[in-house]
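Asks: I have a structure here, written as structure tokens, and I will follow up with some questions on it.
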Amino acid sequence: MILSALLEQQFHLPSIPKVVALLLSELGQPEADLHKINRLISTDPALTSRLLQLANSSFFQQSGKISTVSEALALLDLSHVRMMAQAAAEVASPKAVPGIQLPQFWDYSLNVAKVSRSLATLVRLNAQAAFTTGLIHAVGELAMHLAMPDVCAMLDNEIAPLAMNRAFVERTVLGYCYASVGAGYARMWQFPKPMVDAIEHQYAPFDNNVYEPLAGVIHLAAWRARAKEAGLSEKGLAVTYPDAVGIALGLNIDMVLQQDPFDWAAHT
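Following my numbering, the numbering of the sequence shown begins with 35 at its first residue and continues without gaps.
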């Protein structure tokens, strides 16, 4: 399937059942806690994508301006959030995407979000926008598995969806990867341009005269999270570290691994 045809497909990203249940419970309280609502939505890539799509719609006249959950909640009435959560409840399932282990995907996405936020602070970018972008950076992978499960099943037999070289294999076979798909939807959903650019260029942040620092941050955070999924040794980390991206941002491997600390020795 060509990219333009894939982007015409309608799909519903599945949410985390427990998060949706807690969110609906909080929204049903006489005095809903906005901070708790913010925290809950910010753990779920699907809810975050839905909320940003709604906030950036032409209805609210803020298209291309809202990049974080807190900004969206400041703009929207809680009735809009409740309707969104009720719709999400209908597709909240850990088995809704063929070929994807959603609990693993959700944990991975949140890991990328947290590391992105930390790295963004180091290079003086908007930390919350980096968190949001990191959280949703791989929703294109879900879209691909929903739109063309047979093709993705073939790819999954060759390389796991969260493997470090997944984007390379997808680009080799299809001519595009999850980054292209995610950016395509983000553009249609009228997300802020820096966010769209970061999602699109996360695979190769500084190729073809592109310099998008947020894309570099997402690239490094995703490398770190995928290295964790792969259980890389200290040598494996050193060999696979994307030096060119790190140098461009002034971040060495130790700086990246120290963010949101993870006990690599115990893991390997």
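All residues carry an ideal CB built from backbone N, CA and C; glycine is no exception.
Using 8 Å for Cβ pairs, my map puts V125 next to P48. What's the rounded Cβ distance?
Replies: Sure, about 5 Å apart at Cβ, within 8 Å.
Asks: Under the three-state reduction of DSSP, which class applies to W140: helix, strand or coil?
Replies: Three-state DSSP puts W140 in a helix.
Asks: Should A177 go down as buried or exposed, given a rule of 16 or more other Cβ atoms within 10 Å for buried?
Replies: Buried.
Asks: Grab me the residues of W140's own chain with a C-beta within less than 6 Å of its C-beta, minus the 5 sequence neighbours each way, in chain order.
Replies: These residues qualify, in order along the chain: I50.
Asks: Decide if the stretch 144 to 156 is in contact with the stretch 100 to 120; the criterion is three or more beta carbon pairs, one per stretch, under 8 Å apart.
Replies: At 8 Å Cβ cutoff, the stretches do not touch.
Asks: For V157 versus V251, is the C-beta distance shorter than 8 Å?
Replies: It is a contact, given that the beta carbons lie within the stated cut-off.
Asks: Only counting the same chain, and skipping five residues up and downstream in sequence, which positions put a Cβ closer than 8 Å to that of L254?
Replies: Correct list, in chain order: V149, L153, P276, V279, G280, L283, L285 and V290.
Asks: How about A122 and V54: are their beta carbons less than 8 Å apart?
Replies: Their beta carbons are under 8 Å apart, which means A122 touches V54 by this criterion.
Asks: Measuring only the C-alpha atoms, how far is V207 from A66?
Replies: Distance between the alpha carbons of V207 and A66 is about 48 Å.
Asks: On the criterion of 16 or more Cβ atoms from any shown chain inside 10 Å, does S59 qualify as buried, or is it exposed?
Replies: Answer is exposed; the Cβ neighbour count stays below 16.
Asks: By how many angstroms is the C-alpha of P64 removed from the C-alpha of H235?
Replies: The alpha-carbon atoms of H235 and P64 are separated by roughly 44 Å.
Asks: Given Y212, which residues of its chain have a CB within under 7 Å of its CB, disregarding the five upstream and five downstream residues?
Replies: Cβ within range, chain order: A172, G174, E175, M178, A201 and E204.
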